[in-house]
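A short write-up of the structure that comes next.
There are 4 protein chains.
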Amino acid sequence: MDSPVTLIALLYGPDKPGLVARVAGWIFERGGNILHADQHRDMEAGVFFQRVEWVPFFAEAMADKPSGAPDKMAQAAEEFCAFATTLGMQARVASSVHRPRVAIFVSRADHCFHDLVLRGKAGEFNGEFALVISNHDDLAGIARGYDLPFHHIPVAAKAKAAAEASQLELLKKHDIELVILARYMQVLSGEFLDGFARPVINIHHSFLPAFAGGRPYHQAHERGVKIIGATAHYATSDLDDGPIIQQDVAAVTHRHNVDDLVRKGRDLEKRVLAQAVRWHLDNRVLAYGRKTVVFD
Amino acid sequence: MDSPVTLIALLYGPDKPGLVARVAGWIFERGGNILHADQHRDMEAGVFFQRVEWVPFFAEAMADKPSGAPDKMAQAAEEFCAFATTLGMQARVASSVHRPRVAIFVSRADHCFHDLVLRGKAGEFNGEFALVISNHDDLAGIARGYDLPFHHIPVAAKAKAAAEASQLELLKKHDIELVILARYMQVLSGEFLDGFARPVINIHHSFLPAFAGGRPYHQAHERGVKIIGATAHYATSDLDDGPIIQQDVAAVTHRHNVDDLVRKGRDLEKRVLAQAVRWHLDNRVLAYGRKTVVFD
Amino acid sequence: MDSPVTLIALLYGPDKPGLVARVAGWIFERGGNILHADQHRDMEAGVFFQRVEWVPFFAEAMADKPSGAPDKMAQAAEEFCAFATTLGMQARVASSVHRPRVAIFVSRADHCFHDLVLRGKAGEFNGEFALVISNHDDLAGIARGYDLPFHHIPVAAKAKAAAEASQLELLKKHDIELVILARYMQVLSGEFLDGFARPVINIHHSFLPAFAGGRPYHQAHERGVKIIGATAHYATSDLDDGPIIQQDVAAVTHRHNVDDLVRKGRDLEKRVLAQAVRWHLDNRVLAYGRKTVVFD
Amino acid sequence: MDSPVTLIALLYGPDKPGLVARVAGWIFERGGNILHADQHRDMEAGVFFQRVEWVPFFAEAMADKPSGAPDKMAQAAEEFCAFATTLGMQARVASSVHRPRVAIFVSRADHCFHDLVLRGKAGEFNGEFALVISNHDDLAGIARGYDLPFHHIPVAAKAKAAAEASQLELLKKHDIELVILARYMQVLSGEFLDGFARPVINIHHSFLPAFAGGRPYHQAHERGVKIIGATAHYATSDLDDGPIIQQDVAAVTHRHNVDDLVRKGRDLEKRVLAQAVRWHLDNRVLAYGRKTVVFD
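Chains as they are written, first to last, in my numbering: chain E, 460 to 755; chain W, 460 to 755; chain F, 460 to 755; chain S, 460 to 755.
See below:
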């Protein structure tokens, strides 16, 4: 078997002595073998973070009888979370045999959409694109070409709540665990985010906190900066203020007009969003407060 | 002779047909040979910018009688400026035999100071460091080690005007043509900038416009960004808002605490400031409005 | 009119005084207006290079009667080339109303192919993809999805000459002016390159000259380098040795296995190849000897 | 106490289940608290690597009676190494209260030398520069300015063995634990490296394996590459072939002549060498075969 079946835990809580040893010991005593363990201490905040990935003892047995795997994995995950609670930690455990279902929200720009889907086909993501939702129907044909269900839900200024209710219904019906805003040009309300209660990743076309808000490439050109950037972050009800997952930049000069910035920016947006999505789906990202810990 | 004696003109003004040809023709008719000519059009603003560098006809003759060079160069520069006026352009002409005298303003941090002086000794700048001015005396010994005159001018909260008057007097007395704020931790007043009436280059330790103001590395750490940066810009009376000459960034992760950001930032600050100073002294930078054109 | 009709000349030859002025003067005397002029001197080799773009006097008139444009442009181009000859220079003149037809050669990898076609649809290239040629039929469906004619020409070890003859016939029949090797895994013979006699751009998946030859990501992993790269170059009969147009790199660590390098490399290959193709189609690249001058 | 007293172990050996738990358990049972633990598996080679840093139980007690610290640390280190042997692992343990003595070898170029010493003064390195050795006396004055003992040991073509013997004697006498070749332009013999038997870090001014050997900037200019680089590696008797610790690159264009490459390269060399030295002195680098694992 190329990649063994593993469990991946992300945990965090108040720092105290012995955490690394106790987590490793718990896994070892149950016959598990740790493949990767990475941790971080926020010294100022006194918080301990860990990502640990291990092969549980029953993984080999599962090769013969894979049908029982999800149950066993779910049980092991539950036991680990209970153990983490005894350490005063919050934990989230994912299984490598589970591929989350993902929805992509788009508007009219198609570059991030193409990029995500093609990377998905190339096997870059541990998840399945299950659904496309858009406030416009421009990309319906492209989605069809990729065999992806496309839902056109217009968002009228006065009927945003109704539109968001339809979106939420779709997400629940399809058991979506992650929403990607791939240049979706609508702000999601706090009600939507609370209602979904799962992660939403957005791509902002500037190196936040610079040029928050609309038309960042116009702002950048106006200000005469020598770099432009893109920022992937978890969406929160504070616009452009959620925990940053990844950022990257490119050099520009006076020779670049706004159209050039837009073109160069498309490359940044694709790369930065894809990297953030990959890390998230590999269970490498822990958000806390306004920040993230990325175990890359 | 390795590098020939040249004149370098920076000019800009309303765009109109034929400017490139007329400038090239003017130089050619006077026996000059253009080595480099670079131009830029700001299509939106309708402004034409040009940097042109040429060997004047008398350059070879000067090899025999170099004493007359400055006069001839000055006369040619004056004639070119007059010609530019007839095109409706503003021009500034520098001669490659003239090395501007430069003052460095410092406070307590020494990294940019060491870096600038050592690069100067390595021949990276077309100018001479003539003077160091500081509101503290911490770096007096280092300046002495480099044989650079050091002037300690404390800036008391209530006596800023007096301190700036002393600074201006020194700059005039030593015929300083460029001031570099090498992590000088005082804001220069509009009166000082008007009084000096020559360029002042500052290094700001963030990728402006993000984290303007004080303690940018603390702000960056607090916000959880994944990149930090530095910005070299011409100082104006609007703090952190002058035309940007150069910016660069470095990746950071959750593992970096504020001290790490400061350490990584020192490298950025050195590199970005040195690059801006080199371009300025090579007469490659044209500031207009809040922007720069850098003919690199 | 957003973008005016222009002529773009790329010229080079032995350096001598007055070239910039004479080229600018020639254009000016014929009523042309220079939009951009960039030049370079290779001091060691004594060679002068220039890219000059201008609006010819008849451009406005053409707005009314566009049918006559190609003829006038062709005539102006011819006249300029003749003029360049009198300066001892070689010149190539392109018209902004002409969009070259481009063929893409692929094998099994599809990332550069998707990337080029999608960028083409987004308007990033001054050319038309007219033809896809492959030694495998894996990408036939994708090409069809993009409405691009796909030709499967297998290259048997002993029948390479025949395969190349078929390829050449297609290229001539479709009047192809540029071939892009988008991870085409066959070496083109000197006979093919001579027969085509037009530019061929290849993407090599390493930062040449490191890891020339096959399986560069395996070589890089074996050597333990901390950066990987990609190189776009004009193909010559010396494998991996043609003039380099563009290179870029990405950092890697011991954590990346060969598959990770391949994945990260795909992003580099897409970006580097697309940039080289864009520059080439914008008439910004002059190859001479083993090098290129890129007027970006 | 800002930074607690810690022990840092670097270990590697054949991979097997339970290693993470057993190492963590051993430390925990002895009252130690793990601050950082990072590991890596080379899946292809079946090798396990770990860096683990912990506060030993006696660290607090040491605050009162620091004189006994080195003994206790040495004993704990010895015990850990014995334990690692029982796991089939090789281990090296360093104590955070020990600052290794470092020798810098230079020739005539001074940029890396200045850079290292100034970074040392700024507190960037966990070590002490104790000695400068050079085959020329050009930098004697600079070393004196920094209060560093300077030894001029000329290396005549026929008397290399004698020169190296003198160097080795100095290194032993001063208990040097790391040698940095800061643009030292002599090749060290296998005999010297065996005789020293401790790490030697070299900076090569190209992105190895490209342009190995002499005059890499000339080679790069000749080849027309669009990036230049620098490589810090452990010196081995195979010239330019030792395990790579760090590499970085910078973009160049046709406008840059060899002198420009040299100037831009100096910045790369300084940065890359300093980063490699910092990582090494922080006990973050494990060399094995031709590669390194860098726990950054």
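Glycine included, each C-beta is placed from N, C-alpha and C at the ideal position.
Between the CA atoms of residue j and residue i - distance to the nearest angstrom
i: lysine 723 of chain F; j: glutamine 645 of chain S; result: 37 Å
i: alanine 432 of chain W; j: glycine 688 of chain W; result: An answer regarding residue 432 of chain W cannot be provided, because it is not within the stretch 460 to 755 covered by chain W.
i: valine 482 of chain E; j: histidine 495 of chain S; result: 14 Å
i: glutamate 650 of chain W; j: glutamine 734 of chain W; result: 28 Å
i: serine 648 of chain F; j: proline 476 of chain S; result: 53 Å
i: serine 665 of chain W; j: glutamate 623 of chain W; result: 26 Å
i: histidine 633 of chain F; j: phenylalanine 655 of chain F; result: 12 Å
i: tyrosine 605 of chain E; j: isoleucine 601 of chain F; result: 11 Å
i: valine 576 of chain F; j: arginine 500 of chain E; result: 46 Å
i: aspartate 530 of chain E; j: alanine 541 of chain E; result: 17 Å
i: alanine 568 of chain E; j: aspartate 574 of chain E; result: 12 Å
i: glutamate 537 of chain E; j: alanine 550 of chain E; result: 10 Å
i: glycine 505 of chain E; j: arginine 642 of chain W; result: 32 Å
i: aspartate 474 of chain E; j: valine 721 of chain F; result: 38 Å
i: leucine 546 of chain W; j: isoleucine 493 of chain W; result: 19 Å
i: proline 668 of chain S; j: aspartate 700 of chain S; result: 8 Å
i: histidine 677 of chain E; j: arginine 749 of chain W; result: 14 Å
i: phenylalanine 564 of chain F; j: phenylalanine 572 of chain F; result: 9 Å
i: histidine 595 of chain S; j: isoleucine 686 of chain W; result: 42 Å
i: glutamate 587 of chain F; j: aspartate 707 of chain F; result: 25 Å
i: alanine 408 of chain F; j: phenylalanine 539 of chain F; result: Shown here, chain F extends from 460 to 755; a query on residue 408 of chain F therefore has no answer.
Closer than 8 Å at the beta carbon, the chain F residues around residue i
i: threonine 712 of chain S; result: Val753 and Asp755
Interface residues of chain F facing residue i [CB-CB closer than 7 Å]
i: arginine 730 of chain E; result: Asp726
i: proline 804 of chain W; result: A query on residue 804 of chain W cannot be resolved here, the shown segment of chain W reaching from 460 to 755 and no further.
i: asparagine 594 of chain S; result: Within chain F, no residue comes near asparagine 594 of chain S; the closest Cβ sits about 29 Å away, beyond 7 Å.
Own chain partners of residue i with C-beta closer than 8 Å, once the 5 adjacent residues on each side are dropped
i: isoleucine 660 of chain W; result: Leu637, Val638, Ile639, Leu640, Ala691, His692, Tyr693, Ala694, Ile704, Leu732, Ala735, Val736 and His739
i: alanine 599 of chain E; result: Ser593, Phe609 and His611
Residues near residue i by beta carbon distance below 6 Å, same chain, minus five either side
i: arginine 510 of chain F; result: Leu469, Asp497 and Phe754
i: isoleucine 467 of chain S; result: Glu512, Ala553 and Asn742
i: proline 625 of chain S; result: The amino acid occupying residue 625 of chain S in the given sequence is serine; proline does not appear at that position. These residues qualify, in order along the chain: Ile612.
i: alanine 543 of chain S; result: Leu470 and Ala550
Partners in chain S for residue i, counting only beta-carbon separations shorter than 7 Å
i: valine 479 of chain E; result: Ala483, Ile493 and Ala496
i: glycine 683 of chain F; result: Pro702, Ile703, Arg749, Lys750 and Thr751
i: histidine 573 of chain W; result: Leu577
Under 8 Å from the C-beta of residue i: neighbouring residues of chain W
i: glutamate 583 of chain S; result: Arg722
Neighbouring residues, chain E, relative to residue i (Cβ below 8 Å)
i: alanine 669 of chain W; result: Phe666, Leu667, Pro668 and Ala669
i: histidine 570 of chain F; result: Leu577 and Ala581
Contacts that residue i makes with chain E (C-beta to C-beta distance below 7 Å)
i: glycine 579 of chain F; result: By Cβ distance, chain E contributes nothing, its closest Cβ being about 12 Å from glycine 579 of chain F, past 7 Å.
Proximal residues of chain W, C-beta to C-beta of residue i below 7 Å
i: glutamine 706 of chain E; result: Val684, Lys685 and Ile686
Nonlocal neighbours in the same chain, by C-beta distance under 7 Å from residue i, ignoring five residues either side
i: aspartate 752 of chain F; result: The sequence as given places valine at residue 752 of chain F; aspartate does not occur at that position. These residues qualify, in order along the chain: His499, Phe508 and Leu745.
i: asparagine 585 of chain E; result: Arg558, Leu740 and Asp741
i: serine 465 of chain E; result: Here residue 465 of chain E turns out to be threonine, not serine, going by the sequence shown. Excluding residues within five positions, the ones whose Cβ falls inside 7 Å are Leu494, Glu512, Trp513, Val514 and Ser555.
i: valine 479 of chain W; result: Gln498
i: glycine 490 of chain S; result: Phe516
Where residue i meets chain W, residues with beta-carbon distance less than 9 Å
i: asparagine 716 of chain E; result: Asp501, Met502 and Glu503
Chain-ordered neighbours of residue i on chain E, where CB pairs are closer than 9 Å
i: glycine 604 of chain F; result: Gly604
Between the segment 614-625 of chain E and chain W, which residues of the former have a C-beta closer than 7 Å to a C-beta of the latter? When CB distances to chain W are screened at a threshold of 7 Å, not a single residue of the segment 614-625 of chain E falls below it.
Scan the segment 486-506 of chain S for residues whose Cβ lies nearer than 9 Å to a Cβ of chain E and list them as they occur along the chain. Cβ contacts with chain E come from Ile486, Phe487, Glu488, Gly490, Gly491, Asn492, Ile493, Leu494, His495, Ala496, Asp497, Gln498, His499 and Arg500.
Assess contact between the segment 728-746 of chain F and the segment 710-718 of chain F, defined as three or more Cβ pairs (one per stretch) separated by less than 8 Å. Is contact present? Put simply, the segment 728-746 of chain F does not touch the segment 710-718 of chain F. Fewer than three CB pairs are less than 8 Å apart.
Select from the segment 739-752 of chain F all residues with a C-beta closer than 7 Å to any C-beta belonging to chain E, and list them in chain order. Nothing from the segment 739-752 of chain F brings a Cβ to less than 7 Å from some Cβ of chain E.
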